[in-house]
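Residue numbers (the working numbering): 2 to 371.
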């Protein structure tokens, strides 16, 4: 393991920095939505479109990786992150900010495919642990960003200018990382519709918690700074669960991980809807931290080692990440922001029961093809 890390140290470092920036950039949107709404004289539900714009940009980045993945290097992902963050920081208008968010999302999508695919290919049986490591760093960036946002007085310009600067530094150090090596032999590409559907639900659930959760928390009585702090604690729990996963990922069936996490998040959302206790948002982060690793590793085993598998899996998640915030923003606009947790409770518990019915069969297939 150490020898592999040493041999691919540049890739590991570039991936680590990229995931920290991606976590920071995504998490700031939640507490920043009221600030964007004030800046552009729109309501918070309309500002929530920025969350979907981020995921829409990610979809474009994933599509790029699907069609031209062998020609894309880490610097391309960092370049999109720099341009997008700088455009958001400029704050030149609502439509310009929306476009810059799409560009930032492209960097998110490109980087996610590059590093998840390469880590699984390079580190073999320890690949899931490396995925958990990178995604733990995503959580670390997501923890710090909302707190820094509050400390800066809620300045969206300062927050995204800082991200653009850090991405520029990483861009310099990523110069030596080239294209991925082609997969030896005949690559397999099998579409598995159920796992893609489960991925869409899991990532859609996560996107709503991160992007719309602070609005729902404010509706339940939290202040704007209080909601930002709860989001940071959410990501602390997210980080803890993914850090633990680094050591145990090879011991737990990935689809079991997904099913348990989604069911747990649904039950917590149900408790929040029933009681209005905002502190329950924090342990939900521990569940959310396991959605992507469980879904992605299971999907990669089921669908094969073709270069298109990674983009397809992430694209499925983006379907949920793009559509769920739009749909729930409209529901929140009509029924009040606090309705978020009731809707997520129904979705999480219902889909977890469906996953539970398929658990043995999927686990057998994953074990046979891993």
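By construction, the Cβ of each residue, glycine as well, lies at the ideal position given by its N, Cα and C atoms.
Check: Rounding to the nearest angstrom, what Cα-Cα distance links residue 164 and residue 173 in this structure?; Outcome: 15 Å
Check: Tell me which same chain residues have a C-beta within less than 7 Å of the C-beta of residue 354, skipping the five on either side of it?; Outcome: none
Check: Just to confirm, is the Cβ distance from residue 318 to residue 200 under 9 Å?; Outcome: yes
Check: State buried or exposed for residue 94, treating a residue as buried only when at least 16 other CB atoms are found within 10 Å of its CB.; Outcome: exposed
Check: Are the CB atoms of residue 130 and residue 247 nearer to each other than 9 Å?; Outcome: yes
Check: Rounded to the nearest angstrom, what separates residue 66 and residue 19 at their Cα positions?; Outcome: 16 Å
Check: Taking C-alpha atoms, which residue in 308, 89 and 113 lies nearest to residue 17?; Outcome: 113
Check: I need the DSSP call for residue 83, collapsed to helix, strand or coil.; Outcome: helix
Check: Please report the straight-line C-alpha distance between residue 306 and residue 190, rounded to a whole angstrom.; Outcome: 7 Å
Check: Jot down the residue ranges of each uninterrupted alpha helix (DSSP H) in the region 104-172, minimum 4 residues, whole runs only, in chain order.; Outcome: 128-152
Check: Residues in the same chain with beta-carbon distance under 6 Å from residue 264, minus the five sequence neighbours each way, listed in chain order, please.; Outcome: 353
Check: Grab me the residues of residue 260's own chain with a C-beta within less than 7 Å of its C-beta, minus the 5 sequence neighbours each way, in chain order.; Outcome: 353, 356, 357 and 360
Check: Below 8 Å, can you find three or more Cβ-Cβ pairs linking the region 299-316 to the region 28-40?; Outcome: no
Check: Let me make sure I understand the geometry here. Which of 238, 85 and 209 has the alpha-carbon closest to that of residue 167?; Outcome: 85
Check: Does the region 68-81 come close enough to the region 104-111 that 3 or more CB-CB pairs lie under 8 Å?; Outcome: yes
Check: Is residue 94 helix, strand or coil when you go by DSSP?; Outcome: coil
Check: Between residue 367 and the rest of its own chain, which residues show a CB-CB distance below 7 Å, the 5 nearest in sequence each way excluded?; Outcome: 254, 255, 256, 299, 302 and 303
Check: Taking only the alpha-carbon atoms, compute the straight-line gap between residue 161 and residue 204 and give it to the nearest angstrom.; Outcome: 24 Å
Check: On the three-state DSSP scale, how would you describe residue 222?; Outcome: coil
Check: Taking only runs that begin and end inside the region 218-282, name each unbroken alpha helix (DSSP H) of 4 or more residues, in chain order.; Outcome: 225-249 and 255-276
Check: Hey, out of 296, 349, 351 and 334, whose CA is closest to residue 117's CA?; Outcome: 296
Check: Which residues in the same chain have their Cβ closer than 7 Å to the Cβ of residue 323, if we skip the five residues on either side of it in sequence?; Outcome: 53, 56, 57 and 60
Check: Assuming contact is defined by CB atoms lying nearer than 9 Å, are residue 63 and residue 325 in contact in what I supplied?; Outcome: no
Check: When burial is assigned at 16 or more other CB atoms within 10 Å of the CB, is residue 152 buried or exposed?; Outcome: exposed
Check: Report buried or exposed for residue 251, applying the criterion of at least 16 other Cβ atoms within 10 angstroms of its Cβ.; Outcome: exposed
Check: Of the residues 342, 363 and 14, which one's Cα is nearest the Cα of residue 194?; Outcome: 363
Check: Whole angstroms is fine: what's the gap from residue 99's alpha carbon to residue 365's?; Outcome: 44 Å
Check: Rounding to the nearest angstrom, what Cα-Cα distance links residue 285 and residue 270 in this structure?; Outcome: 8 Å
Check: Roughly how many angstroms separate the alpha carbons of residue 171 and residue 74, rounded to a whole number?; Outcome: 13 Å
Check: Leaving out five residues on either side along the sequence, give the residues of the same chain with a beta carbon under 6 Å from the beta carbon of residue 351.; Outcome: none
Check: DSSP three-state call for residue 42: helix, strand or coil?; Outcome: coil
Check: In terms of residues, what are the limits of the alpha helix (DSSP H) holding residue 51?; Outcome: 50-69
Check: Within a Cβ cutoff of 7 Å, which residues of the same chain sit near residue 45, ignoring the five residues on either side of it in sequence?; Outcome: 34, 35, 38 and 216
Check: Where does residue 103 land, buried or exposed, given buried means 16+ other C-beta within 10 angstroms?; Outcome: buried
Check: How many angstroms separate the CA atom of residue 282 from the CA atom of residue 157?; Outcome: 24 Å
Check: Indicate the three-state DSSP secondary structure (helix, strand or coil) for residue 77 in the structure shown.; Outcome: helix
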